[in-house]
Every structure is written in structure tokens, then in C-alpha cells.
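2 protein chains.
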Amino acid sequence: MKARIEVFYKAGVLDPEAKAVGRALGALGFDAVTEIRQGKVIELSLAVESEEEARHQAEAMCEKLLANPVMERYRIDLIPD
Amino acid sequence: MKARIEVFYKAGVLDPEAKAVGRALGALGFDAVTEIRQGKVIELSLAVESEEEARHQAEAMCEKLLANPVMERYRIDLIPD
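Quick mapping for you: the protein sequence lines, in order, are chains A and B.
Under numbering that gives the first Met the number 0, the residue at position 28 of the first sequence is numbered 27, and the numbers go up by one with no gaps.
Under numbering that gives the first Met the number 0, the residue at position 30 of the second sequence is numbered 29, and the numbers go up by one with no gaps.
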């Protein structure tokens, strides 16, 4: 079973890295970019018996390590083998 | 039009960040994790006239800035408004 976790800043939180990428794209002449958001995606292979167990573990991983609950939100998609 | 770009290391390229996350998850007792991959996801809003133009620009952005062609591969998904 695979868990695919996406972590993005919450709306309203300043994203300096995305701003820097936006400026760099503008400097390269890509002026069609009106908005940019950047996040991380983590793909985990899990040795678990059920989707329920996979979701439970993935949520606990997000809460404890993979996402900062104050500034970030996360989304979990499960991909059966 | 939105372009959603995912950038991952190519197979075989060492991913120290993913390794560190894997170790940290293990230390927190998450021992069901058998494999971990980490990448970035960039969502761009583009003021363009066609999907073709959006794909062309997104590919050029990847080749010039967003992905390291030696070590990384990227995937582009277009999301019409």
C-alpha cells in the first residue's frame, strides 16, 4: 500500500521560496505566471494490512513530523498495490 | 489555466532528505514504512490562451529553472480554469 502525502502552506502564510521562484521565472522572461504555490510531495510504501491502517499511520506521521500544523495543511491519498 | 508540476529525483539518484525523513519516522516508531520518496510540487496560474501554450511554457520553465535535468524528472498536468 502506498500513501501519497502533499503538504502545502495554508492560505495567507507567506511562501518566500515560491516568491523567489516567481521572481526567477519573471527574470527569465516567463511573464505569463500570475500566481505560484509550492509544496512537497512524499510517497511512502507501507507494510500494513488495511487502507484504514495506512490512513491512520499516514495521518499520525503528518501530525508528528511531515507537516507543521500551524502553517501547513496536508492531503493524503492512498494507492493500493 | 493552471499548470501543476511535480519534480522527483530520477531512479538511482540518492535522496538524502528522504533518507533523513525515513530515519526520523523510524525513530518515532513508524516501522511500517518500507520505502520513501520525496519531491516538490509547483502550481502555477498562467495567463495563456491555450493548453498547448501552457504546456510549452511549463516545459520551458522546467528545463530552465524548476528541474535539474541531470538528476530530476518532472511531470506536468494542466488544469483548465
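C-beta atoms are modelled at their ideal positions from N, C-alpha and C, and glycine is treated no differently.
Given residue i as reference, the closest of the options once Cα atoms are compared
i       : options                            : result
B:Gly25 : A:Leu64, A:Met70, A:Ala2           : A:Leu64
A:Leu77 : A:Val20, A:Arg22, A:Phe29, A:Glu48 : A:Glu48
A:Ala59 : B:Glu52, B:Met60, B:Asp30, B:Arg72 : B:Asp30
A:Thr33 : B:Arg72, B:Ala2, B:Arg74           : B:Ala2
Extent of the continuous alpha helix (DSSP H) to which residue i belongs
i       : result
B:Val20 : 15-26
Proximity test, Cβ basis, 8 angstroms: residue i and chain A
i       : result
B:Val47 : yes
B:Glu71 : no
B:Lys63 : yes
B:Leu24 : yes
B:Leu43 : yes
B:Glu5  : yes
Residue span of the beta strand (DSSP E) that contains residue i, given as start and end
i       : result
B:Glu62 : Careful: B:Glu62 lies outside any beta strand (DSSP E) and carries neither H nor E.
B:Val6  : 1-8
Between the CA atoms of residue j and residue i - distance to the nearest angstrom
i       : j       : result
A:Gln37 : A:Ala17 : 6 angstroms
A:Met70 : B:Met0  : 27 angstroms
Could you name the residues of the stretch 26-41 of chain B whose beta carbon sits closer than 7 angstroms to any beta carbon of chain A, in the order they occur along the chain? Within the stretch 26-41 of chain B, Leu27, Phe29, Ala31, Val32, Thr33, Glu34, Ile35, Arg36, Gln37, Gly38, Lys39, Val40, Ile41 place their CB atoms closer than 7 angstroms to a CB of chain A, listed in sequence order.
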